[in-house]
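Below is one structure; the comments refer to it alone.
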Amino acid sequence: MNEHVTRDVAEFIDGLGLILTVDGTRPLDELTAAVTSVCARAEADGGRNVVVLRLRSAPPDRSWPGRVRIGEVNRWERAVRRVERLAAVTVAVPEGVCGGPALDLLLTTDFRIASPDFRLLLPVNDEHFWPGMAVHRLVGQLGAAQARRLVLWGHEITADQAVSLGLVNEIGHDLEEALRAAVVMLGRLSGAEVAIRRSLILEASATPYEEAIGSHLAACDRELRRLARDEESATWS
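So the sequence shown is residues 4 to 240, counted in my numbering.
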């Protein structure tokens with residue numbers, strides 16, 4: 004494993020999870036390796052309860068992803084998708100300008116704590132918008148009308164606006180304390196259960212009822228089995 008990848012991933016708060024600091028000014032291949040590494044560690048541990056992504060420094064000129072090949076972009080998108088499908092609770096802590104890789108990762112996470120100076124800006128290269136999968140996720144999470152403001156007209160979103168829109172859960176005026184409280188709270192949840200809920204939410208907007216009901220019934224069956232096991236255990240205890 005590359006030295007920079009090892010340095011980025013660390014244990015976090017009382018063994019409740021892993022934390023990765025994402026510096027958006029770094030080359031795409033390094034970012035992909037770092038994100039892939041934290042996912043692999045979480046998966047190897049059976050899905051850590053919490054995976055924290057500290058998102059710092061979007062490229063100052065809003066450019067992204069630089070002069071790279073489409074294969075590198077594809078590997079990055081696969082790494083981001085891997086975060087979105089982790090059997091672990093994921094938390095994003097974006098600080099300052101959130102664009103490029105920070106935006107991609109922010110939109111995949113379950114819980115989001117922004118710094119007071121947070122600003123969401125979509126990446127632009129020579130006045131040309133970067134058409135990555137952030138567009139797809141923004142439409143899914145905001146709806147077409149709100150996403151249009153960002154995608155077509157390049158409007159920025161402040162921390163307060165992001166909370167109002169539901170893109171951010173809270174503003175952390177003391178980020179360290181807010182993060183610690185969130186990790187302790189979320190660490191009590193089952194990562195696998197959160198992953199199931201997340202999957203149902205992601206599929207809901209694009210899947211017809213007739214196709215979605217199978218997944219929902221399967222989830223209901225798992226929950227009924229869990230309740231039956233708990234009831235049986237209580238009877239015998």
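Even glycine gets a Cβ: it sits at the ideal position worked out from N, Cα and C.
So what does DSSP say about residue i, is it helix, strand or coil?
i: H158; result: coil
i: G20; result: strand
i: H176; result: coil
i: P97; result: strand
i: V25; result: strand
i: V171; result: coil
i: L153; result: helix
i: A90; result: coil
i: E234; result: helix
What does a CB cutoff of less than 6 Å around residue i pick up in its chain, not counting 5 residues either side in sequence?
i: N128; result: S66
i: E173; result: I116
i: A13; result: I22
i: R107; result: First, the amino acid is wrong: residue 107 is Asp here, not Arg. For D107, where only same-chain residues beyond five positions count, the Cβ hits under 6 Å are V83, A137.
i: L153; result: L125
How many angstroms separate the CA atom of residue i from the CA atom of residue j?
i: I160; j: A150; result: 11 Å
i: L109; j: D224; result: 31 Å
i: E235; j: R229; result: 10 Å
i: N246; j: G190; result: One cannot answer for residue 246 here, as it falls past the ends of the chain, which runs 4 to 240.
i: D32; j: A195; result: 29 Å
i: G135; j: F15; result: 31 Å
i: D17; j: R78; result: 32 Å
i: S40; j: L220; result: 34 Å
i: H131; j: G103; result: 13 Å
i: D1; j: R140; result: With the chain covering 4 to 240 only, the question about residue 1 has no answer from this structure.
i: V83; j: L227; result: 32 Å
i: A185; j: A105; result: 20 Å
i: V96; j: A181; result: 10 Å
i: L178; j: T24; result: 14 Å
i: D233; j: G157; result: 51 Å
Quick one: what's got a C-beta closer than 7 Å to residue i's C-beta in the same chain, skipping five residues either side?
i: E87; result: T111
i: H176; result: P119
My assumption, with CB atoms under 8 Å, is that residue i sits in contact with residue j. Please give the rounded CB distance.
i: I199; j: A222; result: 5 Å
- [ ] Could you tell me whether the stretch 103-120 touches the stretch 81-92, using the rule of 3 or more Cβ pairs below 8 Å?
- [x] yes
Open item on the list: With three or more beta-carbon pairs closer than 8 Å as the criterion, would you say the stretch 118-128 touches the stretch 142-149?
Closed with: no
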